[in-house]
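For the sequence shown, position 438 (counting from the first letter as 1) is numbered 1702 according to my numbering, and the numbering increases by one without interruption. We put the CB at the ideal spot given by N, CA and C, even for glycine. What follows is a set of notes on a single structure, which appears directly below.
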Amino acid sequence: MRIVSFVSCLLAAIAATAAAKAADRIPETIVVTASRIPVPLSTVGSSITVIDREQIEHRESAFAIDMLRDVPGVAISQSGSIGSQTQIRMRGAEANQILVLIDGIEANDPAGNAEFAFENLGTWDVDRIEVVRGAQSGLWGSDALAGVINVITRQPDEELSVSGFGEGGAFNTWSAGTRISGAVLGARAGLSFSAVDSDGSNSSRTGSEDDGYRNRTASLSVDGSPAGNLDLEFNGRYSDIHKEYDSIDYLTGLPHDTLDETDMSLGYFGAKGTLRLRDDRWIQSLRTGWTHSDTDNSNEFGANGSTSADRYALYYQSTYHFTPASHDSAGNALTVAVDHEREEFSQRGTPTGWGDPNQDQSERNTALIAETLFSPLPRVSVSLSVRHDDNSSFKNINTYRATAAWAIETTGTRLRATIGEGQKAPTFIERYGYFPGQFSGNPDLKPEHSTAWELGVDQAFASIAASVGFTWFHANLRDEIYGYAFDPESFQTTATNLPGTSKRRGVEITGTAQLSAGLKVSATYTYTDATEPDAVTGADIREIRRPRHAGSLGADWNSPDGRVELDARLSYTGSRNDDYWPPSFIKEVVELGAYKLVSFAATYRLNDATRIYARIDNLFDTSYEDVYGYNTPGIGAYAGLRFEF
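Rendered as structure tokens:
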């Protein structure tokens, strides 16, 4: 709790110091995820965090999860070594209740329980990450029940540029990347490639066998304007991944050294055309998307099953701006949209006495969306959205979201509120998944339903470049899907809808201050109380892997000549509960201890085009577990070089 007290004191100091200063306005930042159209940040009623390219380069982080760890409301669970399965939960919600977009393409894996594999997302070609917390289903559909994480990659430049990096360090980890961008045949194009190879560390508590990881990722972006009012773009991303992991020893119920391996291919491809009419007041877009995943598992005895999935999508959107947006107003606009998606799921494996895993499933969903943005009073922005989903497997559903934001220019204050209702459809794995001796799906599952709201206030002090924010959030989830219910007939676990209501509530506090021309500090604190009905008794119990207390402290410094950059981070994760299944197959609730992680990065610019850097992760070699029984990496030092011409 000492870090909680320290964060609170730091935030209070920021607020007290800044309150004595005159304020201007909240800085103008345009975000693209909080609405169906780009809007100024000051008009957004939902909580949103923006991670830009400058922050990524300053911290020299290799993976996006290192950047997301400091986002308020976010909890990370890493199941072992570098590249091991990593889940992100937001405000106490499940990992598959967060929509992940990559350049507008839905990236959640239908064959991966509708989650996104965050462990595979590097930062080399990432330009910006927007994290919108709270109910967003009224805009983005089923997967956005608890929020949206939008990954925007680096887009092509007009002028020819070539950049690259190389890095090596702990666990015999080597990574490198290159990118070329420029004008070609009247368009702009950018091609990027990155690679990571690591021997990894031992994920299990016993033994000494390390679990390695390999990732090869290529991406291509092309955009152009064949006519003055017509824009065309294409984005494609493909990853080839190999990882080793430790499976469960059924004599202990804990992971142990094994030779299990996974080979994955992940692809995200999309094309979009945008037509602007009537002096850019009427904007129409047509977009296609294809998401593909293919996962093959094996062990020392050979193949051990595979899954694959495809999502084919077609989106049409039309927006009419009655009045334009400004720095303190989203203007008045009406958007109507049609989203159509078809998902296909395939599983292959060896039939056993438990059953036959071989199957093919499909599902389609068509949604009609309407969103209106308007300003009933000066510097007051309101958004209302409704969405109707027609699903081939479940009853049609109507969801909504309403937000309001009031930017008080004279004081630099922003008041905001959001309320929304959403639905999360059961995944293919929850309904049809089959893993012999472990899990069998339940085709009779019902969708989850949620009602959520939040209230927030942000105070900016532009004269000293400081800000503080406070958010109070609450969500009720009905028919929560629990994936570890014991089925006495098959002697396996299955999925079931829990009775009663699951509750998620808490507060988020943030603060930043520019203490001098080169020194900036930041702090976050999140309190989360997440409970669900017990599958047997119905009594409220604490949900697993959700820390009640979490926080972070950060400081970054630039030398006056701009050649030296230093960054230091401390993140705190409070104690959490987890489930342990011993050989008796009677679940036990265990506690995961609280921990603190410290990281440090230093960069030195040799010239305008080249810089060298060093980074230390887990500086004090903290031993901790995010998932019961799985070790996580210890201290790791890395050094590298980056260039751009």
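The beta carbons of GLY1492 and GLY1450 sit no closer together than 8 Å. The beta carbons of SER1816 and ALA1787 sit closer together than 8 Å.
For ASP1330, the enclosing alpha helix (DSSP H) has its first and last residue at 1328-1332.
Residues ASP1544, ARG1545, TRP1546, ILE1547, GLY1595, ASN1596, ALA1597 of the same chain have their beta carbon placed closer than 8 Å to that of HIS1585, with the five preceding and five following residues left out of the count.
Per DSSP, the beta-bridge partners of THR1437 are GLY1433. Taking C-beta separations shorter than 6 Å and ignoring five residues to either side along the sequence, the partners of GLU1394 in its chain run VAL1295, THR1297, VAL1314, ASN1414, following chain order. In the DSSP assignment, the residues bridged to VAL1862 are LEU1834. Considering only LEU1403, ALA1903, GLU1605, the residue with the shortest C-alpha distance to THR1630 is GLU1605. ASP1367 has its alpha-carbon roughly 30 Å from the corresponding atom of TRP1670. According to the DSSP secondary-structure assignment, ALA1739 is paired through a beta bridge with ALA1716, ARG1768.
When DSSP states are grouped into helix, strand and coil, ARG1812 belongs to the coil group.
For GLU1753, the three-state secondary structure derived from DSSP is coil. With distances taken between CA atoms, ARG1827 lies nearest to THR1867 out of TYR1844, ARG1742, THR1867, THR1571. Contact check for TRP1821 against LEU1783 passes: the beta carbons are separated by less than 8 Å.
Within its own chain, the residues whose Cβ lies closer than 6 Å to the Cβ of LEU1332, once the five positions on either side in sequence are excluded, are VAL1338, listed in chain order. With a cutoff of 8 Å on beta-carbon distance, THR1599 and THR1587 are scored as not near each other.
In this structure, the CA atom of ALA1328 is about 42 Å from the CA atom of GLU1753. Counting of Cβ neighbours within 10 angstroms places GLY1802 among the exposed residues, the total staying below 16.
If you draw a straight line from the Cα of LEU1541 to the Cα of SER1593, it is about 22 Å long. Looking only at GLU1423, GLY1537, MET1528, LEU1578, the smallest Cα-Cα distance to GLY1569 is reached by MET1528. For the pair GLY1347 and TYR1477, the CB atoms are nearer than the 8 Å cut-off. Nearest Cα to ASN1622 within the set LEU1484, ILE1693, TYR1664: ILE1693. Straight across, the Cα-Cα distance linking SER1425 with THR1437 is about 27 Å.
Separation of THR1350 and ALA1326 (C-alpha to C-alpha, rounded to the nearest whole angstrom) is 15 Å. In chain order, GLY1900, ALA1901, TYR1902, ALA1903 place their CB closer than 7 Å to the CB of GLY1433, counting only its own chain and leaving out the 5 sequence neighbours on each side. Pairwise C-beta distances place the stretch 1798-1812 in contact with the stretch 1759-1776, as three or more of them are shorter than 8 Å.
The residues TRP1670, in chain order, have a CB closer than 6 Å to that of VAL1644 in the same chain once the five nearest residues on each side in sequence are set aside. SER1704 sits in a strand when the DSSP states are folded into three classes. 8 Å or more divides the Cβ of TYR1580 from the Cβ of PRO1847. The beta carbon of THR1790 lies closer than 6 Å to those of PRO1336, GLY1337, GLU1772, ALA1814 in the same chain, with the five residues before and after it left out. Under the 8 Å Cβ criterion, the stretch 1366-1385 does not count as touching the stretch 1827-1842, having fewer than three qualifying pairs. DSSP places ARG1469 outside any beta strand (DSSP E), giving it a letter other than H or E. Check the Cα spacing between GLY1386 and each of SER1472, ALA1482, SER1343: the tightest is with ALA1482.
The count of Cβ pairs closer than 8 Å, one atom from the stretch 1713-1720 and one from the stretch 1672-1685, reaches three, so the stretches are in contact. The residue among TYR1859, GLU1855, PHE1864, LEU1530 with its C-alpha nearest the C-alpha of ARG1833 is PHE1864.
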